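One structure is given below, encoded as structure tokens.
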Amino acid sequence: MADNLTSRKQDYAQWYNDLVLKGGLAEHSDVRGCMVIKPYGFALWENMRDVLDKMFKETGHQNAYFPLFIPKSYLSKEASHVEGFAKECAVVTHYRLKNDPNGNGVIVDPEAKLEEELIVRPTSETIIWSTYKGWIQSYRDLPILVNQWANVVRWEMRTRLFLRTAEFLWQEGHTAHATKEEAIAETEQMLDVYAKFVEEYMALPVIKGVKTANERFAGAEDTYCIEALMQDGKALQAGTSHFLGQNFAKAFDVKFADKNNNVEYVWATSWGVSTRLIGALIMAHSDDEGLVMPPRIAPLQVVIVPIYNKDAEARQKIDDKANALVKELRAQGIRVKYDNDDTTRPGWKFAEYELRGVPVRIALGARDLENNVAEVARRDEKTKASVSLDGLTGHVATLLEEIQNNMYNKALSFRNENITKVDSWDAFVKTLDEKGGFVSSHWDGTPETEDKIKELTKATIRCIPLNNEQEAGACVLTGKPSTQRVLFARAY
RNA sequence: CGGGAAGUAGCGCAGGCCGGUAGCGCAUCUGGUUUGGGACCAGGGGGUCGCAGGUUCGAAUCCUGUCUUCCCGACCA
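For the first sequence, our numbering gives the first residue as 1, with consecutive numbering after it.
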């Protein structure tokens, strides 16, 4: 059914919006560019957050919390950093309101102007490095491996639910190291953590790579990224991990004495993923019937729907069996709900849980009980099967894993089919226009050529894949010599 | 910030050109019948038509301003 959903073919952007809104994940707030994440959407984020948080801790990190506000002057201490963020910062200029003498509610009290204006963090490198200065004197204070879960604000011109909002939730890891090698290893390790999370939990294959100078984080020496492909053929950066060199240590004068009593600047990394991942999840897996959640992070993994009839006794039997199933499934750690709300009918519930992307649905009626079976439907393939009630719990647990794998494999084939090697300019443009996806082409290595290609095609270099095959070739635009292919795509 | 579209009941929309007591579908509430893919019958409730001015005897409708949202661009996680 879902006759009120826009199809992907009709209007991909509208389809995405419909899913977010009608799937109950989020809605627009009264504040421009900001969204309300609804309980179902937040449950998804919590699941993602919990898995990531565990992975961070397993790799030796601790959580901390730094302020929302950053003194304006801090941002300007690192030149390229300020250049990257200055245009999108919200600024706090006053600390008090007062009653409008003209009776129009409240106004900003002009006498409460801040001596130094505060910016609302667009990211926290500056406040954190000014803090780290006080934490680090000796090599024995290193490394510092800290993460924070926070909200940040970037005043975007144009926003889209989850993909780009003025305020968003994320985590930002900020680490400090004694050596360059150790910092680079940390950067790579966290990229691997992200890739593992996105692939194994979100069922979304990614390409690990390095950004070109144009696409690099403001203030980084190197930006590593994971890039994913959406169903409309556009790429989406799913996470980034930055090797910051000594840029912030120098900007904030953070030095340490090494074992030989030499004073050196500290090496830094930062890395983050945001609620944008939810946008990636939606656009990679969902279909024209609604959301499709990967079981491992789905807020609800299984829903049981009773098929009642007039017979009160039969109804009681269904309830009893369903409640027993819930108990068994919960004991297996499966997130399950028994929806015996009698104000909606089964067909309505089927459509509703499809829209919300619940991986497995179990329907249970009097007829099933007589035959000792249940109807088990899987969301990813939209198939139904009659399954014996004996051992149903085990069946469901296996099915959830199968759905997880199937979703990953589907996304992987799609991704692989949409990486196209292209060696001529005409084919490059044609591939972008007609097929989309990643275009693997030679590039002469200059920012000028990258800019020119972006201007002509709107495609950017998404990344230079890690462990990229070296191969002599000619730049797709300029014909100048090149040593490797890079991945171009139009991107979110 | 440029181009386009739109704001009328919780949601989706009609009405607007041609000013005259605000309507439809869904949802909601009550009662009943139902329940294997978004049930049916009967009855009920819900609106200062985004906001602020103006024109007019009278404005959802005409005029001016303003705010918000969506789409397409520029910018970006």
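Where a beta carbon is used, it is the ideal one built from N, C-alpha and C, also for glycine.
Please read these numbers as outputs of a predicted model, since none were measured by experiment.
Original post:
Which residues in the same chain as threonine 187 place their Cβ atom closer than 8 angstroms to its Cβ, once the five residues preceding and following it in sequence are excluded?
Top reply: Asp222, Tyr224, Ser241, His242, Phe243, Thr269 and Trp271
Original post:
Should leucine 229 go down as buried or exposed, given a rule of 16 or more other Cβ atoms within 10 Å for buried?
Top reply: buried
**OP:** Quick one: residues in its chain with C-beta nearer than 8 angstroms to the C-beta of glutamine 62, no 5 flanking neighbours on either side, listed in chain order?
**Re:** Leu145, Val146 and Asn147
**OP:** Spell out a yes or no on whether the segment 401-413 and the segment 328-345 are touching, meaning 3 or more CB-CB pairs, one atom from each, closer than 8 angstroms.
**Re:** no
Subject >> CA nearest to the CA of alanine 178, picked from Ala249, Trp170 and Leu169 >> reply: Ala249
**OP:** Please determine, among Ser138, Arg96, Ala251 and Val106, the residue with the shortest C-alpha to C-alpha distance to glutamate 78.
**Re:** Ala251
Original post:
DSSP state of tyrosine 65, grouped into three classes?
Top reply: coil
**OP:** Jot down the residue ranges of each uninterrupted alpha helix (DSSP H) in the segment 322-396, minimum 4 residues, whole runs only, in chain order.
**Re:** 346-355 and 366-371
**OP:** In the DSSP assignment, find the alpha helix (DSSP H) that holds leucine 281 and state where it starts and stops.
**Re:** 276-285
Original post:
Would you report the Cα separation of methionine 1 and glycine 357, rounded to the nearest angstrom?
Top reply: Bear in mind that the predicted position of methionine 1 carries a pLDDT of just 33, short of 50, making it unreliable; the figure below should be weighed with that in mind. The alpha-carbon atoms of methionine 1 and glycine 357 are separated by roughly 14 angstroms.
Subject >> Residues near arginine 335 in its chain [Cβ-Cβ closer than 6 angstroms; skip 5 each side] >> reply: Leu300 and Gln301
Original post:
Which stretch, first to last residue, makes up the alpha helix (DSSP H) that contains leucine 118?
Top reply: Premise fails: leucine 118 lies in the beta strand (DSSP E), 113-120, not in any alpha helix (DSSP H).
**OP:** Figure out for me which residue from Val91, Gln470 and Asp141 has the closest Cα to the Cα of arginine 121.
**Re:** Val91
Subject >> N- and C-terminal bounds of the alpha helix (DSSP H) containing serine 73 >> reply: 72-75
Subject >> Euclidean distance between Cα positions of phenylalanine 42 and alanine 150 >> reply: 14 angstroms
Original post:
How many Å lie between glycine 479 and lysine 180 at the Cα?
Top reply: 36 angstroms
Subject >> Counterpart residues of alanine 489 in DSSP-defined beta bridges >> reply: Thr460
Original post:
Going straight from the alpha carbon of asparagine 214 to that of leucine 432, what length do you get?
Top reply: 20 angstroms
**OP:** Report the partner residues of isoleucine 144 according to the DSSP bridge assignment.
**Re:** Ala176
Subject >> Beta bridge counterpart(s) of alanine 150 as assigned by DSSP >> reply: Trp170
Original post:
Under the rule that 16 or more other beta-carbon atoms within 10 Å means buried, what is glutamate 261, buried or exposed?
Top reply: Checking the sequence shown, residue 261 turns out to be asparagine, not glutamate. Result: exposed.
Subject >> Environment of valine 263 [buried if 16+ CB atoms lie within 10 Å] >> reply: exposed
Subject >> Close Cβ partners of valine 422 (< 8 angstroms) along its chain, the five nearest in sequence each way excluded >> reply: Phe428, Thr431, Val439, Ser440, Ser441 and Val476
Original post:
Under the rule that 16 or more other beta-carbon atoms within 10 Å means buried, what is proline 101, buried or exposed?
Top reply: exposed
Original post:
To which residues does DSSP link leucine 21 through a beta bridge?
Top reply: Answer by DSSP bridge pairing: none, since leucine 21 is not bridged.
Original post:
Roughly how many angstroms lie between the CA atoms of lysine 497 and methionine 55, to the nearest whole one?
Top reply: The structure shown has nothing for residue 497, since the chain only spans 1 to 492.
Original post:
Buried or exposed: tyrosine 65, going by 16 or more other Cβ atoms within 10 Å of its Cβ?
Top reply: exposed
**OP:** Using 10 angstroms around the beta-carbon of arginine 32, count the other beta-carbons present and answer buried if the total reaches 16, otherwise exposed.
**Re:** exposed
**OP:** Closer than 6 angstroms by C-beta to isoleucine 362: which residues in its own chain qualify, once you throw out the five before and the five after it? Chain order, please.
**Re:** Ile304, Ala374 and Val376
Original post:
Along the chain, where does the beta strand (DSSP E) that runs through glycine 209 open and close?
Top reply: 207-210
Original post:
With respect to the beta strand (DSSP E) encompassing glutamate 27, which residues constitute its N-terminal and C-terminal limits?
Top reply: 26-28
**OP:** Could you tell me which of Glu471, Lys321, Glu46 and Glu115 sits nearest to alanine 298, measuring between CA atoms?
**Re:** Glu46
**OP:** Report yes if the C-beta distance between threonine 497 and tyrosine 74 is below 8 angstroms; otherwise report no.
**Re:** This structure cannot settle anything about residue 497, because the visible part of the chain is limited to 1 through 492.
Original post:
Apart from the five residues just before and just after arginine 216, which ones in its own chain have a Cβ nearer than 6 angstroms to its Cβ?
Top reply: Thr223
Original post:
Since proline 143 and alanine 176 are thought to touch, with beta carbons under 8 angstroms apart, how far apart are those beta carbons, to the nearest angstrom?
Top reply: 6 angstroms
Original post:
Which residues bound the alpha helix (DSSP H) around lysine 310?
Top reply: Lysine 310 -> no alpha helix (DSSP H), and no H or E assigned at all.
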